[in-house]
Structures are given as C-alpha cells and as structure tokens.
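Please read the structure below before turning to the comments.
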Amino acid sequence: MSNCKMLIDATHPEETRVVVQRNGRVEEFDFESAARKLLRGNIYLAKVTRVEPSLQAAFVDYGGNRHGFLAFNEIHPDYYQIPVADRQALIDEEA
C-alpha cells in the first residue's frame, strides 16, 4: 500500500506551492503566483494525465507546459455519463 501525501505551502501571500508525495518521492509539483493570471472559474480543454483516487482528484495537462489539479467534486455529474459504445471501447483498450 502506498503512502500518499499532499503538502501545501502558503506561508507567502504572493505564492502558494503544492507537492504530492508517494512513498517519500515527489510525484507532482505546482505553484500559483499572484503575478500569474488566475484560471479558476474559466472553462478549458485539457487532457487527464493521471487519476489519483486517494486524493479524489485528477492531474490535467492544459497544453503549453501548463498543468493543473482537478478535484472530483468540481466535476459536474453529467460528465460521468459515458455512452455505452465509448465505455466498451475503454474496457477493451484496458484488456
């Protein structure tokens, strides 16, 4: 069983840093700066790069070397409705 931790450093008001560790190794690092434009509340096309059930979230790639963290509770339930044909294709791909 893996040990997964999320560490958040918000000691400086102008920058927040987030690190995800698994078994003592850094797996993800992200930061938000007051100088960077905030993206929250907007809609973006992104690719899910990893789902982390223990954090109840997914890591996403927005392109242009921009990555993000998406909590499951921020995803509208309608997006969990996968058409039967697509669901079967995903199952076949995993096999």
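The opening residue of the sequence shown carries number 447 in the numbering used here; numbering runs sequentially from there. Quick reminder that beta carbons are idealized off the backbone N, C-alpha and C, glycines included.
Legend entry - Local conformation of S479 per DSSP, three classes: S479 falls in the strand class under three-state DSSP.
Inset, instruction - Count the C-beta pairs between the region 516-525 and the region 464-471 that are closer than 8 Å, then say yes if the count reaches three, no if not. - result: Touching, no, given that fewer than three Cβ pairs across the two stretches are closer than 8 Å.
Legend entry - Per-residue burial, A535 [other beta carbons within 10 Å of its own, 16 or more giving buried]: Counting other Cβ atoms within 10 Å of its Cβ, A535 stays below 16 and is therefore classed as exposed.
Inset, instruction - Quick one: give me the first and last residue of the alpha helix (DSSP H) that E520 is part of. - result: Where E520 is concerned, there is no enclosing alpha helix (DSSP H), because DSSP gives it neither an H nor an E.
Inset, instruction - Rounded to whole angstroms, what's the CA-CA distance from A456 to V465? Just pull it up for me. - result: It is roughly 12 Å from the alpha-carbon of A456 to the alpha-carbon of V465.
Inset, instruction - Using three-state DSSP, classify E473 as helix, strand or coil. - result: Note: E473 maps to strand in three-state DSSP.
Inset, instruction - Please determine, among F477, G510, E498, the residue with the shortest C-alpha to C-alpha distance to A492. - result: When each option's Cα is compared against that of A492, the closest is G510.
Inset, instruction - Less than 8 Å between the CB atoms is what I'm expecting for S542 and E498, so what's the real figure, rounded? - result: In the structure displayed, the chain extends from 447 to 541; residue 542 sits before or after that span and is not available.
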